[in-house]
Each structure stands twice: as C-alpha cells, then as structure tokens.
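Chemist: Got a structure for you, written out below as structure tokens; questions coming shortly.
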Amino acid sequence: MNRTETLRTMIRKHKRWDMLFGLLGLLAMSVAIFTLVALFVDMAVTGIPRLSTDFFTSFPSRRAAGAGILSSWVGSILVMMVTAFVAVPLGIAGAVYLEEYARKNWFTTIIEINITNLAGVPSIIYGLLALGLFIYTFGLGQSILTAGLTLALLILPIVITTTREALRSIPQHVREAAYACGASQYQVVSQHLLPYSLPGILTGVIIGLSRAIGETAPIITIGALTFIAFLPPVPFSGDPPAGMFDWLFSPFTVMPIQIFNWTSRPDPAFLQNAAAASFVLIFMTLGMNGLAIWLRYRLRKNIKW
Amino acid sequence: MTAVPITGAAKLAEYAQAKAARKRREKVIEAILLLAACVSVFTTAGIVYILISESVVFFSAVPIWDFLTDNQWTPLFSDARFGIWVLMSGTITSSAVALLVAIPMGTIIAIYLSEFAGHKTREILKPVLELLSGVPTIIYGYFALLFVTPLIQKIYPGLPSFNILSAGLVMGVMIIPYVSSLSEDAMRAVPMSLREGSYAMGATRYQTAVNVVVPAATSGIASAYILGISRAVGETMILAVAAGMQPNLTFNPLEPAATITAFIVQVALGDLPHGSIGYQTIFAAGLSLFLLTLAFNVFGHWMRLRFREKY
C-alpha cells in the first residue's frame, strides 16, 4: 500500500471518531429530552382524566374522587405574592448597589462571595433557618408570611445575579451621557438603567418565582399543614388597618405539599390526584420558564447598542 | 408686586443649598441600597447562628464522638442512638448514582453543544435542556417512584418499591443541566485561536475537543462537577419520595435508605415539640449538610480561581 492510501485510511478512521462522538452527543441529549417528555406524558396520561372544574374548586378530602386543589393553588398564589413583594425590590436594590454603587473593597467581596454561596445552599437549610428564626424567634407561626419570606430569601440570589447581568450589559456610554446632562447617580439608575434592564430583570424574577412555586422541602420543614379545608381570608379585605393583613398569618398549604401528601398514600386513586396536581404544577412552572426563555430570546434579538 | 429675581451671592447660595440637599438624598438612597445588599450577609449569618445554636444544645446531650461513629440512627426511639454515618451513607450512595449519570452525560452534552452543534441547534437545544432544571423536584420524586421504579422492576424484579437507584437516576437527569451549562460556558471561553491552531495541524473536531478544548477548560469543568455534587447532596424531595425514609447503613443502591435531607423532612412531617432532642437532631443533621455543601462550594470556588487559565 502506498503512502497516500495509508494517510487516507487514517483520516477516514479519525473522521469516524468524529461522527461517533457527534452521535453520542445526540444520544445523551435525546436521553435528557426523552426523560422530560416521558415525565410530561406520564403526568398528562394519568392526570388529565382527573382534571375538571371540580378539581380546582374542591378542598382536599378523605375520598379521593371528591378531593381537589382549591386550598393549595390559592395558597401557592398568596405565598408567591409575598415572595415577589419581598424578593423583587430587595433583589433589584441589592444588585443595583453591587453593580453601580459598590466600591471595590473587602466588604463588597464578602457580599459577593455570600451571594454565590447562598445560591449553592440546599433549599432545606432555608427551611431550618425559617423554623428557627421566623417561627421560634420572631413568632410568625406556620403562616403564609413565613413561607413567603423563606422562599424570598431562597430566590434572592437568582434575582440579584440576573439583575446584575442585565445591568452589566448596558454599555458605559449610556451612563456617561446621563451624567453629562447633570443627572445624579440615582437619576441615572432609576430613569435609564432600570428601564433598559427591565426585560432582563423580569426574566430573573420569573425564573426565581417558578423555582419558588415548585419548592417543597423548606415549606415542609416549617411545618405547613397538609390538610386544609378552608381558604385564608381574602387579602386586604378585613377591617383596616390591622384586619387587612390577617391573610398573612393564616395557615395554608401549597401545591407541592398537596402533591407530596397524595404521593405518600398507597391508594392509587390518590396517586392519580397527585398526577393531576403535578400536571397543573408542571404546566405552571414550564410555562413560566418558557416565558423567561422567550423574553431572553426577544431581548437578545432586539437590543443592539 | 413682582418678586425680585435672586442674583449674585444669593443665587449661588441657593444652588449650593439645592446641591447639598441632593447630595444628602443620594447618600440616603445609597444607604438603603447597601442595606438591601446586606440581606444576603444577614441570611448567611442567620443560617449559621440558628444551625450552630441549636446544634450546641444537641451536642451537649449527645457526645460528638458518638454522633460520628455510632452505626445506628434511631433518634425517635426510646433507646435513641445518633450515628450520622447511617444517613451519610444514604446521601453518599444516592449522590454517587446521580453523579454517575450527570457527570458523563453532562460533559458529553457540553462538548457536543460547544464543539459539534451548529449555532441554530444550540439555540434550540440549550433552553430545552434548561427546562429539565425547571421541573419541581417533587414531580421528579413522583416520576421516580411511579414510573422509573416499575420500569426497572420489569428488568430486575427483586427491586423494592423504595430504592436509591431510581431516585438517584432521576436526580442525575435533573442535575445534567447544572453540569452541562457551566462546562459549556467554560469551553466556550477557550479562545478560538487555540482551536484554529489545532485544526491547522490537521486535527479533527473530536481530537480538538478532547485534546485542546477540554484540557484548557479544566478548571471550569471541575467547578461544574462540584456544583453538581453539592446539588446532589442537598437534594431532598426526590429522595424523600422515592428512596424511602428508613435509616439504613448501606452502600447498595438497590436498597431503600434515608438521606440527611429525607430525615429532616420526616421529622418535620411529624409533630415534635420545640426544644426536644428529636427537634434538635434536625438542626445537627442540617449543620452536617450545610458544612458538607459549604466545603464543596468553597472548594469549587477555589478551583476556579486557582486554576483559571489566563489567555
């Protein structure tokens, strides 16, 4: 065999490795995607027959067929309101400070390391924090307020990180132009930087909330009840001023807790309820994630500095 | 009567006053923002304070040596024994199973997305992959218990309905995006010139990826792995639902076992009076978990700083 022929075989062999690895990559990718699809289809097939108006408007019950998710979806929404109300302003303010105001010193470094680290703390640890601090030190009880605050602390690093990224992507000359017109630092932030970074911030908030709405462990740790057959008072409906906040201190349950409760029963009828509730929950979280991805995509496409 | 226009020194004084007021306002705003940024520090301080103060009470009742060496974990029995190793074995086994899935698959996917896939493919596949980490963990738990376990039981009928294997496998799939997206970021940060040099020498894509890009991105890939490990160690609901809550000193993934996190869930579900020893065990268990993940996080951070390649 001559030299060219040897070379050709060698190249062919190497090219074959190339193709094999490409296939391997696709295979790994499709295993991951297949899992997602299997999960979604499994929930849909088992759960959809249970979905009806009654399922959304009934309280949990000892009879599987009559049980519904009224108290849990209402609870989830109320807890999310508290979480968003706390985490969004705090997260944005913290990010603005770190990105626009902070000088480079040891204190800033400590805050930054802290945020990175908090993002890696398991969620159940936040539950222990809430149990020790909010419930037994501050005496807030096993209430909507406690759960909302806990989840707010949990998603704070997500909101801060995405807001910082959004602020960082605004070019320096925008700031310089505003300063040149005599704007103060706060005016630059509130009239220019925040409006421009709004889509980015929104993405972070949505991803954070979608994480919070599916979070189970911290809520179980603070001892949320699993069987709630009443609704918390309608927000801001009581006698002002004190009665308006009664809902914050009401006992509650949320969707993931309800699913966990149904999953841990041996009766298949309850498992079917769990699948139906899971389908609702997965629909909500994937919907929120999809919205965030779409926002980010739009953002990247439209803004050309 | 018309107002006399302010001129000269008076005007300047007015300007100075306005400027001072503005400066003051800016200072107040900065202080508020600083306070918001400090919430993260307060959170960490709160976690450390709560975990340590409750654990101190626990360790005054249970010798720390027993906690580390006992081979029984029965905190709720009358003859209470506290051997954290029993829970630790469950955590280690389940994390090992999860990482055996997540690390190879995450790395392959990262290499594929960064070096093989075209721009369009990547733009579509990446978000889909990220959805995997958006699914609530309780749903993964349900999926592991009622879909994956029966599936494995068809192949291996002796598998108990609660087992570490299926929980670990599902957990591994959940962790894939954490591993792959960080690794991919690290690989994409490798400058194009290195790849071009490699291609110019006649290397194929595969050879370039394995011999040039991956070694150059080692620190980033390693920190992605460490993030994956700390996720696996801290994961709660999948294990609480699908791996059972029986403390079991075993490294066999085919058996049921409780992890540190599952134990905390189990205790929280019951009604333990505040201040009882059973109540304090969850803080001691939480402290072990916190220290474990903290060690991994710090190590990952250090790796990234220490071995960061500068181009």
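Line order of the protein sequences matches chains C and B.
Residue 236 in the numbering used here is what sits at position 236 of the first sequence, and the numbering runs on without skipping anything.
Quick note: to get the numbering used here, add 305 to the position in the second sequence (first position is 1).
We treat Cβ as the ideally placed atom computed from N, Cα and C, and that holds for glycine.
Contact defined as beta carbons within less than 8 Å: I believe F56/C pairs with G47/C. What is the distance between those atoms, to the nearest angstrom?
Modeler: With 8 Å as the limit, F56/C and G47/C do not qualify as a contact, their Cβ atoms being about 13 Å apart.
Chemist: Does at least one heavy atom of the ligand NAD sit under 7 Å from the Cβ of A472/B?
Modeler: The ligand content of the structure shown is nil, which means the ligand NAD is not present either.
Chemist: In whole angstroms, what is the alpha-carbon distance linking R327/B and V189/C?
Modeler: Roughly 15 Å between the two C-alpha positions.
Chemist: Can you pull the chain C neighbours of A342/B, defined as C-beta to C-beta under 7 Å?
Modeler: Neighbours of A342/B on chain C, chain order: G94, Y97, L98, I111.
Chemist: For a minimum of 4 consecutive residues, which ranges assigned as the alpha helix (DSSP H) are wholly contained in the segment 14–81 of chain C?
Modeler: Segments of the alpha helix (DSSP H) lying fully in the segment 14–81 of chain C: 53–57.
Chemist: Using 10 angstroms around the beta-carbon of P482/B, count the other beta-carbons present and answer buried if the total reaches 16, otherwise exposed.
Modeler: Buried is the call here.
Chemist: Do you know whose CA, among F467/B, L532/B, F421/B, M476/B, lies nearest R493/B's CA?
Modeler: Among F467/B, L532/B, F421/B, M476/B, the Cα nearest to that of R493/B is on F421/B.
Chemist: Is there at least one Cβ from chain B nearer than 8 Å to L153/C's Cβ?
Modeler: Closer than 8 Å to some Cβ of chain B, the Cβ of L153/C qualifies, so yes.
Chemist: Could you list which residues in chain B have their beta carbon closer than 7 Å to that of D42/C, in chain order?
Modeler: Here the neighbours are F448, F452.
Chemist: Keeping to the same chain, check which residues put their C-beta closer than 6 Å to that of A567/B; ignore five residues upstream and five downstream.
Modeler: So the list reads L544, A545, M550, once near-sequence residues are dropped.
Chemist: K459/B lies in the alpha helix (DSSP H); which residues open and close that run?
Modeler: Residues 454–460.
Chemist: Can you give the beta carbon distance from I469/B to V538/B, rounded, assuming they're within the 8 Å contact cut?
Modeler: Actually they are not in contact, since the Cβ atoms of I469/B and V538/B sit about 14 Å apart, beyond 8 Å.
Chemist: Applying a beta-carbon distance threshold of less than 7 Å, which residues of chain A neighbour R327/B?
Modeler: Protein chains C and B are contained in the structure displayed, whereas chain A is not.
Chemist: From the DSSP output, in three-state form, read off F372/B for me.
Modeler: The answer is helix: DSSP assigns F372/B an H, G or I state.
Chemist: Just to make sure I have the definition right: I need the residues of chain C whose C-beta is within less than 8 Å of the C-beta of H579/B. Which are they?
Modeler: The answer, in chain order, is Y136.
Chemist: According to DSSP, simplified to helix, strand and coil, what is F635/B?
Modeler: Look at the range of chain B in this structure, 306 to 616, and you will see that residue 635/B is not part of it.
Chemist: Once DSSP output is grouped into helix, strand and coil, what is the label at F382/B?
Modeler: Correct three-state label for F382/B: coil.
Chemist: According to DSSP, F604/B sits in a beta bridge with which residue or residues?
Modeler: Answer is none; F604/B lacks a bridge partner.
Chemist: Would S278/C count as contacting chain B if we go by Cβ distances under 8 Å?
Modeler: It does; some Cβ of chain B falls within 8 Å.
Chemist: Count the other CB atoms, across all protein chains shown, that sit within 10 Å of the CB of D137/C; report buried if there are 16 or more and exposed otherwise.
Modeler: Reading off the sequence shown, one finds Thr at residue 137/C, where the question assumed Asp. T137/C is exposed by the Cβ-count criterion.
Chemist: Which residues mark the beginning and the end of the alpha helix (DSSP H) in which N114/C is found?
Modeler: Looking at the DSSP string, the run of the alpha helix (DSSP H) that includes N114/C is 106–119.
Chemist: Within the same chain, show all residues whose beta-carbon is closer than 6 Å to that of G525/B, passing over the 5 residues directly before and after it, in chain order.
Modeler: So the qualifying residues of the chain are A491.
Chemist: Using DSSP with H/G/I as helix, E/B as strand and the rest coil, what is F363/B?
Modeler: Note: F363/B maps to helix in three-state DSSP.
Chemist: Closer than 7 Å by beta-carbon distance: list the chain C residues that pair up with A573/B, in chain order.
Modeler: By Cβ distance, chain C contributes I220, T221, G223.
Chemist: Using DSSP's beta-bridge definition, name the partner residues of F387/B.
Modeler: The partner list for F387/B (beta bridge, DSSP) reads W378/B.
Chemist: Buried or exposed: Y297/C, going by 16 or more other Cβ atoms within 10 Å of its Cβ?
Modeler: Per the 10 Å Cβ criterion, exposed.
Chemist: Pull out every residue of the segment 22–33 of chain C whose Cβ sits closer than 9 Å to any Cβ of chain B, in chain order.
Modeler: Those would be G22, L24, G25, L26, L27, A28, M29, V31, A32, I33, in chain order.
Chemist: With burial defined as no fewer than 16 other Cβ atoms inside 10 Å of the residue's Cβ, what is the status of G575/B: buried or exposed?
Modeler: Result: exposed.
Chemist: Check whether the segment 214–228 of chain C and the segment 438–448 of chain B touch, using three or more Cβ-Cβ pairs below 8 Å as the test.
Modeler: Touching, per the Cβ criterion.
Chemist: By the criterion of Cβ-Cβ separation under 8 Å, what are the contact partners of L532/B in chain C?
Modeler: The contacting residues are G120.
Chemist: How big is the Cα-Cα spacing for I369/B and V475/B?
Modeler: When rounded, the distance between both Cα atoms is 34 Å.
Chemist: Cα separation between A28/C and V79/C?
Modeler: Cα to Cα, the separation comes out at about 37 Å.
Chemist: Would you mind telling me which residues of chain B sit closer than 9 Å to I77/C, beta carbon to beta carbon, in chain order?
Modeler: Result: empty, since nearest Cβ-Cβ is about 16 Å, beyond 9 Å.
Chemist: Let me know the secondary structure DSSP gives N516/B once reduced to three states.
Modeler: N516/B falls in the helix class under three-state DSSP.
Chemist: Specify the secondary structure class of A422/B as computed by DSSP and reduced to three states.
Modeler: Reduced to three states, the DSSP call for A422/B is coil.
Chemist: Put N553/B into one of helix, strand or coil per three-state DSSP.
Modeler: Three-state DSSP puts N553/B in coil, outside helix and strand.
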